[in-house]
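K.L.:
One line per chain: the protein sequences are A and B, in this order.
If you use the numbering used here, the first sequence corresponds to residues 350 to 902, in order.
If you use the numbering used here, the second sequence corresponds to residues 6 to 96, in order.
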Amino acid sequence: MTKIRFLFVLFLLFFVVIILRLGYIQILHPIAPSDYLMTRKIMAKRGSIFDRKMLPLVTNQMKYLMFAEPKLVQDQSLFTFKLSQILQMEEASITARLDKTKTWVAIRNGVDRTKKDAIDALHLPGVGFDEQPALYYPEGSSAAHILGFVGKNNDGENVGYFGIEGFYDKDLSGLPGLMRSDRDLIGRPIFLGTQEKIEPENGRDLVLTIDKTVQDIVKRKLKEGLEQYGSSQGCAIVANPNTGEILALSCLPDFDPDTYYDFPPESYKNSAISDTYEPGSTFKPLVMAAAIQEKVLKADSVMNESGPVTIDKYTIQTWNNQYEGNITMTRVLEKSSNVGMVYVGEKLGRQKLYEYIRKFGFGDLTGVDLDGEVPSYLRPMRNWYGIDFSTATFGQGIAVTPVQMIAGFSAVINGGHLMRPYVVKQMISDRKTQDIQPKEIRRILSDDTSSIMRKMLVSTIENGETKWLRPKGYQIGGKTGTAQIALQGHYDASKTIASFIGFAPVTHPEFVGLVIVREPKTSQWGSETAAPIFFQIAKELIVYYNITPEHTP
Amino acid sequence: MKQIVRNFLFVTFFLLVLGNIVLVVKSTQMGVDAVRIEQEIQDLKNENQKLVVEVSHMESLQYAASISASLGFTKTPKPMYFDNLKYARSN
């Protein structure tokens, strides 16, 4: 009995000690729940970006922050020697970081998996890795301005800037999850305690309208062209005129999204949507289409191009100051006659001219789903002088963005439908797939007008300055443009923006392309700079899209 | 009767202690398993991500261009030399 009592007292004491200890822990010196309740934010996986054929343009990868615990490092010289070989760092740099007074020092950011595995295989004491989710761009800088990049905000969180990453940041980043779990001293879960997990909602994957092969062709040809014509800046866009899908967009100079911080901030700006320019003669087909739509002129209507015309105190000439007398409207476009276009503007009337410029979307945003679009500059009609109505007919005195220009021109050739240009065609989340359909903003022209304009634009190529560039057997429609750059209220004749806008095939256009070359050195004319780049691109696209010849001369 | 109650209490007490020990051991073991499985899932995700990156690299045009260049499958320059101007000479 004594033994049992002894055992009873022993247990009693044991329980009293436990109760006292619990009282001490919970009442006298309460432990914060954070000491045993681990609350962890589970980061959502950022969505990937694919081209229209589901080939990746941006995907996730894991990189590592390599750190060292200097007090655990045994042989420092061997440690630095081996690490320097794998990390390709100077030994002195590693030694400088190994501060023995600290318990933790960062050695290198952005270590890839291969190097991590190589370092792990060395079994060096005092080395560790923290995971750093990062993005991988298989095509490098090919579509930099479309994609944008992911940087950090003031709170150190990943945020998308510019392009798709900026516009669709919330869709791509998803929603983080949360884990609340009671853990023991060595971090194992205590199953009798709190165990809650809210799964993160991963970011949506985006499928773009971009075709990376077309993108590669466009960027390569633009780069070669800019080098050949001595220009430091240019843009090229290829789109589907029937739907508004952008198939490729490249502006140079650009940047590498992976190392965007090594590039000047000016290079982040996508000139195709964020810069305006005077379109010059590429604007003429839009005004001509308006006049034909309003039935004030026909393709074969004749005007007398007898010489320069004077509007107020200004004289308007043709680009070469040569005049052909009686010419048709088709010939006005072929020879890109400014005098002829002033006539077209007069026949159309000021009110209608302004209305059609608005109808084609100038002065508004196109609504393209890229971050950083600016509206074109269009003054209210009451602020227009007489000369403005004349110069607008040949694309001077108004400022447009390249993406607006391609949207407006597409309406001329696709049956008159102004389509919203767009870049994302599908959004894929864990739960559903959402298709984004083409959106018509408004109908501007009839099928007949559009058909007439396509024929006139083919004639413009076949009988204009660029006839030698056309690939044999193919009909291509288009228009060159050369606009002087306005500097401090005056035009500098030596500085131009050369451009070309064109499409193929003619009957059912599959692509429309715009090439802009800023301040070319070898020639100031669009026909000698931007047009050859366009035709180089078109030749490759004809092969890529298996477009059959429409016409053999 | 008293002996029976005492034995019952002793057995009950013993079983409770044993059950408690089993519960602690099992929950510890489950904790260890949970941590191991969490790590395995993470490793698989990382491995999967690594493979995705490798496939993306292999499918990229940049890689195709570098391979074609190394194998010589690129256009070779075809310069035109003007050292045989027979037409010019005949005229």
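Note that the Cβ used here is the ideal one computed from N, Cα and C, for glycine as well.
Being a predicted model, the structure only gives us computed values, none of them experimental.
Under a Cβ-count criterion, where at least 16 other Cβ atoms within 10 Å of its own Cβ denotes burial, should residue 902 (chain A) be classed as buried or exposed?
P.N.:
Numbered from its first residue, the first sequence carries residue 902 (chain A) at position 553. Note on residue 902 (chain A): pLDDT 46, under 50, position unreliable in the model; the coordinate value appears next. Result: exposed.
K.L.:
The stretch 427-457 of chain A: which residues have C-beta closer than 8 Å to a C-beta of chain B, in chain order?
P.N.:
So the list is empty, because no residue satisfies the distance condition.
K.L.:
Residue 622 (chain A) lies in the alpha helix (DSSP H); which residues open and close that run?
P.N.:
By 1-based counting over the first sequence, the position of residue 622 (chain A) is 273. It spans 620-623 - the alpha helix (DSSP H) in which residue 622 (chain A) sits, taken as one unbroken run.
K.L.:
Can at least three beta-carbon pairs, one atom from the stretch 890-897 of chain A and one from the stretch 617-637 of chain A, be found at a separation below 8 Å?
P.N.:
As far as the Cβ criterion goes, the stretch 890-897 of chain A does not touch the stretch 617-637 of chain A, which means the pair count is below three.
K.L.:
Show which residues of chain B have a CB atom less than 9 Å away from the CB atom of residue 489 (chain A).
P.N.:
Translated into the one-based positions of the first sequence, residue 489 (chain A) becomes position 140. Those within 9 Å of residue 489 (chain A) in chain B are 65, 67.
K.L.:
Report buried or exposed for residue 766 (chain A), applying the criterion of at least 16 other Cβ atoms within 10 angstroms of its Cβ.
P.N.:
One-based indexing of the first sequence puts residue 766 (chain A) at position 417. Residue 766 (chain A) is buried by the Cβ-count criterion.
K.L.:
Taking residue 693 (chain A) as the reference, which of A:889, A:649, A:468 has the closest Cα?
P.N.:
Translated into positions along the first sequence, residue 693 (chain A) becomes position 344. Measuring from the Cα of residue 693 (chain A), the nearest candidate turns out to be A:649.
K.L.:
So if I threshold CB-CB distances at 8 Å, which residues from the stretch 12-38 of chain B count as touching chain A?
P.N.:
Residues 32, 33, 35, 36, 37.
K.L.:
Compare the C-beta of residue 40 (chain B) against all C-beta atoms of chain E and say whether one is closer than 8 Å.
P.N.:
Note that chain E does not occur in the displayed structure, where the protein chains are A and B.
K.L.:
Against chain B, does residue 902 (chain A) count as a neighbour if the rule is that its beta carbon must be under 8 Å from one of theirs?
P.N.:
Stepping through the first sequence from its first residue, residue 902 (chain A) is reached at position 553. Confidence is the limiting factor: at residue 902 (chain A) the pLDDT is only 46, short of 50, which leaves the residue's position unreliable, though a coordinate-based value still follows. No, its Cβ sits nowhere closer than 8 Å to a Cβ of chain B.
K.L.:
Would you grab the beta carbon distance between residue 444 (chain A) and residue 429 (chain A) for me? Rounded to a whole angstrom, and I think it's under 8 Å.
P.N.:
Your numbering for residue 444 (chain A) matches position 95 in the first sequence. Your numbering for residue 429 (chain A) matches position 80 in the first sequence. Confirmed, about 5 Å.
K.L.:
Looking at residue 487 (chain A) and residue 62 (chain B), is the spacing between their C-beta atoms short of 8 Å?
P.N.:
Here residue 62 (chain B) refers to the residue found at position 57 of the second sequence. Here residue 487 (chain A) refers to the residue found at position 138 of the first sequence. Yes; because the gap between Cβ atoms is below 8 Å, this pair is in contact.
K.L.:
With respect to the beta strand (DSSP E) encompassing residue 507 (chain A), which residues constitute its N-terminal and C-terminal limits?
P.N.:
Along the first sequence, one-based indexing puts residue 507 (chain A) at 158. Run containing residue 507 (chain A): 507-510, per the beta strand (DSSP E) assignment.
K.L.:
Does the stretch 822-831 of chain A come within contact of the stretch 792-809 of chain A, defined as at least 3 CB pairs closer than 8 Å?
P.N.:
Judged by Cβ distances under 8 Å, the stretch 822-831 of chain A makes contact with the stretch 792-809 of chain A, as three or more pairs qualify.
K.L.:
Considering residue 466 (chain A), what are the terminal residues of the alpha helix (DSSP H) in which it resides?
P.N.:
Against the first sequence, residue 466 (chain A) aligns to sequence position 117. Where residue 466 (chain A) is concerned, the enclosing alpha helix (DSSP H) stretches over 462-471.
K.L.:
Could you name the residues of chain A that residue 54 (chain B) contacts, counting a contact when the two beta carbons are closer than 7 Å?
P.N.:
Here residue 54 (chain B) refers to the residue found at position 49 when the second sequence is read from its first residue. Within chain A, the residues near residue 54 (chain B) are 409, 410, 411.
K.L.:
How many angstroms separate the CA atom of residue 26 (chain B) from the CA atom of residue 481 (chain A)?
P.N.:
The count along the second sequence starts at 1 and reaches residue 26 (chain B) at position 21. The count along the first sequence starts at 1 and reaches residue 481 (chain A) at position 132. If you take the alpha carbons of residue 26 (chain B) and residue 481 (chain A), they lie about 41 Å apart.
K.L.:
Would you tell me roughly how many angstroms separate the C-alpha atoms of residue 847 (chain A) and residue 510 (chain A), rounded to the nearest one?
P.N.:
Counting from one through the first sequence, the residue named residue 847 (chain A) turns up at place 498. Counting from one through the first sequence, the residue named residue 510 (chain A) turns up at place 161. Going from the Cα of residue 847 (chain A) to the Cα of residue 510 (chain A) covers about 30 Å.
K.L.:
By the 10 Å Cβ neighbour count, where 16 or more other Cβ atoms means buried, how is residue 522 (chain A) classified, buried or exposed?
P.N.:
Position 173 of the first sequence holds residue 522 (chain A). By the 10 Å Cβ count, residue 522 (chain A) comes out buried.
K.L.:
Specify the secondary structure class of residue 422 (chain A) as computed by DSSP and reduced to three states.
P.N.:
One-based indexing of the first sequence puts residue 422 (chain A) at position 73. Of the three classes helix, strand and coil, the one that applies to residue 422 (chain A) here is coil, per DSSP.
K.L.:
For a contact defined as C-beta to C-beta under 7 Å, what are the partners of residue 57 (chain B) on chain A?
P.N.:
Locating residue 57 (chain B) in the second sequence gives position 52, where the first residue counts as 1. Chain A residues near residue 57 (chain B): 408.
K.L.:
Bridge partners for residue 585 (chain A) per DSSP, in chain order?
P.N.:
Here residue 585 (chain A) is taken as the residue at index 236 of the first sequence, counted from 1. Answer is A:599, A:864, bridged to residue 585 (chain A).
K.L.:
What residue from A:707, A:646, A:851 has the CA that sits closest to residue 726 (chain A)'s CA?
P.N.:
Against the first sequence, residue 726 (chain A) aligns to sequence position 377. Comparing Cα-Cα distances from residue 726 (chain A) to each of A:707, A:646, A:851, the minimum goes to A:707.
K.L.:
Taking beta-carbon pairs under 8 Å, can you tell me which members of the stretch 503-535 of chain A lie near chain B?
P.N.:
Taking 8 Å as the Cβ-Cβ cut-off against chain B, the residues of the stretch 503-535 of chain A that qualify are 533.
K.L.:
Which residue marks the beginning of the alpha helix (DSSP H) containing residue 664 (chain A), and which one marks its end?
P.N.:
Mapped onto the first sequence, residue 664 (chain A) falls at position 315. Where residue 664 (chain A) is concerned, there is no enclosing alpha helix (DSSP H), although the beta strand (DSSP E) it sits in stretches over 663-665.
K.L.:
What does residue 537 (chain A) reach in chain B if we use C-beta pairs closer than 8 Å?
P.N.:
Taking the first residue of the first sequence as 1, we reach residue 537 (chain A) at position 188. Going along chain B in sequence order, the residues near residue 537 (chain A) (Cβ under 8 Å) are 33, 36, 37, 39, 40.
K.L.:
Residue 682 (chain A): which of A:603, A:651, A:663 sits nearest, CA to CA?
P.N.:
Here residue 682 (chain A) corresponds to residue number 333 of the first sequence, with the count starting at 1. Comparing Cα positions, the closest option is A:651.
K.L.:
Among residues of its own chain, excluding the 5 on either side of residue 598 (chain A), which ones have a beta-carbon nearer than 7 Å to its beta-carbon?
P.N.:
As a working mapping, residue 598 (chain A) is identified with position 249 in the first sequence. Closer than 7 Å at the Cβ level, and outside the excluded window around residue 598 (chain A), lie 494, 495, 586, 621.
K.L.:
Taking residue 610 (chain A) as the reference, which of A:450, A:501, A:844 has the closest Cα?
P.N.:
What you label residue 610 (chain A) is simply residue 261 of the first sequence in a count that begins at 1. Taking only the C-alpha atoms, the option nearest residue 610 (chain A) is A:501.
K.L.:
Buried or exposed: which applies to residue 354 (chain A), given that a residue is buried once 16 or more other Cβ atoms fall within 10 Å of its Cβ?
P.N.:
Residue mapping note: residue 354 (chain A) aligns to position 5 of the first sequence, counting from 1. Exposed, since its Cβ has fewer than 16 Cβ neighbours within 10 Å.
K.L.:
Please state whether DSSP places residue 809 (chain A) in a helix, a strand or coil.
P.N.:
As a working note, residue 809 (chain A) is residue 460 in the first sequence. Helix, per DSSP.
K.L.:
Nearest CA to the CA of residue 798 (chain A): which residue from A:813, A:646, A:532?
P.N.:
Sequence index remark: in the first sequence, residue 798 (chain A) carries index 449 (1-based). For residue 798 (chain A), the nearest C-alpha among the options comes from A:646.
K.L.:
Can you look up residue 529 (chain A) in the DSSP assignment and give me helix, strand or coil?
P.N.:
Position 180 of the first sequence holds residue 529 (chain A). Note: residue 529 (chain A) maps to strand in three-state DSSP.
K.L.:
Excluding the five sequence neighbours on either side, which residues of its own chain have a C-beta within less than 7 Å of the C-beta of residue 412 (chain A), listed in chain order?
P.N.:
The residue given as residue 412 (chain A) occupies position 63 in the first sequence. The residues are 459, 460, 461, 481, 483.
K.L.:
Residues of chain B with CB under 7 Å from residue 485 (chain A), in chain order?
P.N.:
Locating residue 485 (chain A) in the first sequence gives position 136, where the first residue counts as 1. Within 7 Å Cβ-Cβ: 58, 61.
K.L.:
With DSSP run on the structure shown, which of helix, strand or coil describes residue 670 (chain A)?
P.N.:
Along the first sequence, one-based indexing puts residue 670 (chain A) at 321. Of the three classes helix, strand and coil, the one that applies to residue 670 (chain A) here is coil, per DSSP.
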